[in-house]
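Chains as they are written, first to last, in my numbering: chain L, 42 to 383; chain D, 42 to 383; chain F, 42 to 383; chain E, 42 to 383.
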């Protein structure tokens, strides 16, 4: 940590801060500048963060960290890309995967028909929500366990692996039993109790970035899962909240190359939630690939205009087929290999 | 809902949208403008939201709602201010309450000493975290049940009512047993499972606005609790995330009068988290009162420079005493009555 | 400046950065931490900012400043509050001023009638736009010089001092001749050529914060004016752009106490543009006073529902009279003295 | 415009609003819903915007527009893509151009050397600032006319066309004389006086999106230029301001496909300012191409670590050469043709 003293700080105040740094278990290092004094706190301890409280000491202007608070998720702890393997399909490390399906599982016919269609077009994972986090208590809340069973049925018929969302710990066992990847939604990115529970399993987790989460916070949430022993974590950029009203969210593709520097974990992009507009999904999928993503997760529905949820951002089967055709040259340009399920 | 057709939409497309509106159970009403056609969907149904999916239909440019999605929380459902009564203390409807205490319960001495001090200065509630939502898995996570017991002990010694945070459903029974108000933190504002659980109790809830939640989303989260039968809900503005780096969060006081129009629920302001800077707490407390808040919740610690968490935004006892003195004329100017515990 | 080296930086890279710091005219000071090395660059020079380019050097992870880039505007350069005196009225240093009037000057009758009315209610300054920055080229662009003359006429009839906006240097002489305070709008806060021109005059300037300007950028824009010799600068908080849609802008009152620490310049708050909603103007005016503002600037129109511009955020005469009555106890509570023109 | 009445609005209030709509020159159309009444205002007039003031009328809850305020810039006014031709090079309509060069022109050697290098790598335009908008009045402000002459010299030696920024109207004639494209920077996007001046020329304009400008505001600024007769306008996405601190700005690539729907104007992306980090420029350039951009503008400097400005986001010659090699397959995948100058 670096403590910046006020311009007018006295020698006594500098000495006081130095002593407090020692009391916290660190070694102070004073730099006397022309305008002001700066004190480095040297040492390596979990308590580092508590040094922030020094802002309350007389003469201190600012305190800021020089090291990163995450460890297991950091690229510096593991130089090569992590690969998460699901049903034999490697995610990360040079492959490109497409996950597709409806926002919500609505019926057997809907999910099975969608599974067949997206598989034919080239998806390797089927997404579908059985538990739905809805802003309104009056909206459709998902088919729950029944929905999980239908996802499993769709898997048996098509061979597609399953991605579905877990919203609370009490459904953990059910979701564990039926899915291949557990998705943690944006609103639960900092549901730390839930993250710890997932950390105790070994199930692959797709961790979505919160609506206004920084990259550092996203990595700290991954760290929660990893610190309990589950290293099968994938990060998902799904749009952040900005002032712009032309799209529901602002897909932040800068996060892809920036995260690739900070972490070894695979990165998936969700252009459906990321923009909230079905007509932006194809161009932003291409852009995600070009930015370096390891995969995309896309909402597809047999009849988006009749969907129970997210109809405004879902693709028809035809449009998804077009997406798959149009992204191929970009996957090639990016030097990645598109994963196809047989 | 209003469906705005594209400039170039054909008569067939307009007829198609009208038919779909009928199929969803609404009555279409077509307005033919000079530049484009607009179609109102008339009716009142929980399904209203599904009309959003019409954006996917040919010829449609935009779909937007004209009515508000919350009902029980709406001012239009209850004109007079709601009053939540805790241990005989009314919150809302003309009183002003001050809740104060440390970010985390750290020890018996710390919490009891703080309780005595803030009571003496004029607080009527003791806040203190037993379960702490921390960005880092390596940070202090709170004393948990032990912390709850210490809060209870502090209550017994001072008569202050207790506010403490619930982070996950598995601690619900413990927290219910020991606290007078359950706080739901910003990160859990859209933890819908947890909100439903709270809705099944009758315990007063202090619901904090999420870091990037709109007022409408905050009200929808209140609606989750109320729709299960628990009407003892208070809203808390605690700062939103913006681009400005001079403060950790941007306390949004506009929310106070804007919410007062939209809802009958009491509104509390948290200037400690709202700014993240102890030196802004006093002026922003005054501003909160002037804006119409029904109370404030403030972090106070015997030695902020040694706090386990939030030391940078906590007040010393002396500064909190100053706060209480300085806010009094503003409480009077606002025509509110400061609640004092005997 | 502080240069943070990467964890894996070599001794050669540390030596290279140190040498480059010397080449830029500074003295390097190396701190060897447990995890990484940090190098302080000691010295005081206008060139400090160029050190940012060191990020491009091998082994460097981050570069950040420890000192503030503004000088004349800084509180540290002048401890006591600056007072800007306009027509004998002191702004700052313990007074509270109210500036009121229409968004645009629309006609002689409109502006003169408004001037009489707001004076009677207690305003000491008349605001009114003669040159209007409009988002659309097809909107009313203001009465220009004719408008300036009407403002002057209103001043002669009421004694109110005039505040009006300057949009471009070519109107500078006209505006100088007719106004008492020149307002620089949010969109021109970083029109550096215009700021320099104003710096060459001695006319009081009301400098509005840009829609997404940081406090530091606002102070740097004040510094542009002051560095040319014009110290008669007042800052104006007028709402920032956030994701929240319930108000047009988010009035950021945190800026008031935060700026009071950083600068000695007077601070005015504009609750009309700050919220974009007439029904939030009164509560946010009170909150501005409580937060420590030296004045407010408020839009008032004889018939807001027929205004050429900003009708949605303008007060009627009656509502403005109410505002003046309601803010008085808050001005008193804040220990300020309301300025009244005879 | 659509006027949404309050739930409790009376018949008299509905009649009053209808009459006012007539008075403004529009035709009211009342829709009586189950919960509330909505009134459409039919007509086509420049005055449409004034209807916003109806929010001030009793019984009105909200007013919102259904049509777009820009015309000449709208895709609906011109279906095919506009092509802006500069020195015989077409921009838009299927080509892809690369503009490259230093933030500031610093010396003859610097700019001529850079011009030769970027041309060799495949750029077709040379960028370089002669007038620099700097946050600090103490920073290097550009070489001004001398810089313009050096740009011209670099053009003569290499054949590259020139892009340079205009900051204020008084330099218009000089800039017109020496440049091929005039850049309007983000801070001047709503300098409406300057936009009007440019509208009176026929010089191609590269209009950068403001730091917190919406797409609609960007298009309205283009409309300012076009409404004066200059149709040679290109739009530039250059990053917006968000809460994320991992990059200086957040390059918003969603803007590219969204703007392509709204307008026929060419769209250029600036990944250098868009991210503020040289190490993100290559991936975000590829992503820009994939998202549908017509070109990129990139900062390149012989020695970024010694640059007078923007050293932290500038590429070395080697890295720019790498960029040109790496983007080629993406230009091909996007079906665009890279423009090369002979």
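Glycine included, every Cβ here is placed at the ideal spot set by N, Cα and C.
*Does residue 319 of chain L get closer than 8 Å to chain E when you measure Cβ to Cβ?*
no
*asked:* Looking at the secondary structure, which residues open and close the beta strand (DSSP E) in which residue 312 of chain F lies?
replied: Counting along the chain, residue 312 of chain F falls outside any beta strand (DSSP E), though it belongs to the alpha helix (DSSP H) covering 312-316.
*Can you pull the chain A residues whose beta carbon is under 9 Å from the beta carbon of residue 210 of chain F, in chain order?*
Within the model displayed, chain A is absent; protein chains L, D, F and E are what it includes.
*asked:* With a threshold of 7 Å (Cβ to nearest heavy atom), would residue 94 of chain F be considered close to the ligand NAP?
replied: Only the bare structure without any ligand can be found here, which leaves the ligand NAP out of the picture.
_In the DSSP assignment, the beta strand (DSSP E) including residue 78 of chain F goes from what residue to what residue?_
78-83
*Who pairs with residue 130 of chain L in a beta bridge, going by DSSP?*
L:127
*Can you list the beta strand (DSSP E) stretches of 3 or more residues lying completely in the stretch 254-334 of chain F, in chain order?*
274-278 and 308-310
_Can you pull out the residues from the stretch 230-254 of chain E whose beta carbon lies closer than 7 Å to at least one beta carbon of chain L?_
253
*Going straight from the alpha carbon of residue 275 of chain E to that of residue 375 of chain E, what length do you get?*
20 Å
*Could you spell out where the beta strand (DSSP E) holding residue 168 of chain F opens and where it closes?*
166-168
_Using only the alpha-carbon positions, how far apart do residue 311 of chain F and residue 178 of chain E sit?_
26 Å
*Is there a Cβ from chain L that is less than 8 Å from the Cβ of residue 85 of chain F?*
yes
_Against chain D, which members of the stretch 113-147 of chain E pass a CB distance test of less than 7 Å?_
117
*asked:* Taking the beta strand (DSSP E) that residue 365 of chain E belongs to, which residues open and close that run?
replied: Element bounds for residue 365 of chain E: not the beta strand (DSSP E) but the alpha helix (DSSP H), 358-374.
_Cβ separation of residue 143 of chain D and residue 355 of chain D, assumed to be a contact under 8 Å, to the nearest whole Å_ = 7 Å
*So what does DSSP say about residue 112 of chain L, is it helix, strand or coil?*
coil
_Can you find the residues in the same chain that come closer than 7 Å, C-beta to C-beta, to residue 325 of chain D, ignoring five residues on each side of it along the sequence?_
292, 312, 315 and 316
_Going by beta-carbon coordinates alone, are residue 336 of chain F and residue 159 of chain F separated by less than 8 Å?_
no
*Taking any Cβ of chain E, which residues in the stretch 97-108 of chain D have a Cβ under 7 Å from it, in chain order?*
107 and 108
*Residues that DSSP places opposite residue 73 of chain E in a beta bridge*: E:78
*Can you give me the start and stop residues for the alpha helix (DSSP H) that residue 240 of chain L sits inside?*
233-240
*What does residue 385 of chain E reach in chain F if we use C-beta pairs closer than 7 Å?*
Nothing about residue 385 of chain E can be read from this structure; chain E reaches only from 42 to 383.
*Taking the alpha helix (DSSP H) that residue 192 of chain E falls in, what are its first and last residues?*
186-199
*By DSSP, does residue 347 of chain F sit in helix, in strand, or in coil?*
helix
_Rounded Cβ spacing between residue 42 of chain L and residue 107 of chain L (contact assumed at less than 8 Å)_ = 7 Å
*Out of curiosity, what's the CA-to-CA distance linking residue 187 of chain E and residue 193 of chain E?*
10 Å
*residue 336 of chain F bridges to which residues according to DSSP?*
F:138 and F:309
*Among F:271, F:289 and F:287, which residue has its Cα nearest to the Cα of residue 123 of chain F?*
F:271
*Beta carbon proximity, residue 349 of chain E to chain F, threshold 8 Å*: yes
*In terms of alpha-carbon separation, which member of D:236, D:45 and D:294 lies closest to residue 105 of chain D?*
D:45
*If you measure from the beta carbon of residue 228 of chain E to each beta carbon in chain F, is any gap under 8 Å?*
yes
*Name the residue from E:330, E:256 and E:353 whose alpha carbon lies nearest to the alpha carbon of residue 365 of chain E.*
E:330
*According to DSSP, which residues form a beta bridge with residue 105 of chain E?*
E:43
*Is the beta carbon of residue 251 of chain D sitting closer than 8 Å to the one on residue 268 of chain D?*
no
*Mind checking if residue 307 of chain F is an interface residue toward chain D, Cβ cutoff 8 Å exclusive?*
no
*I think residue 349 of chain L touches residue 181 of chain L, with their Cβ atoms under 8 Å apart; what is that distance to the nearest whole Å?*
5 Å
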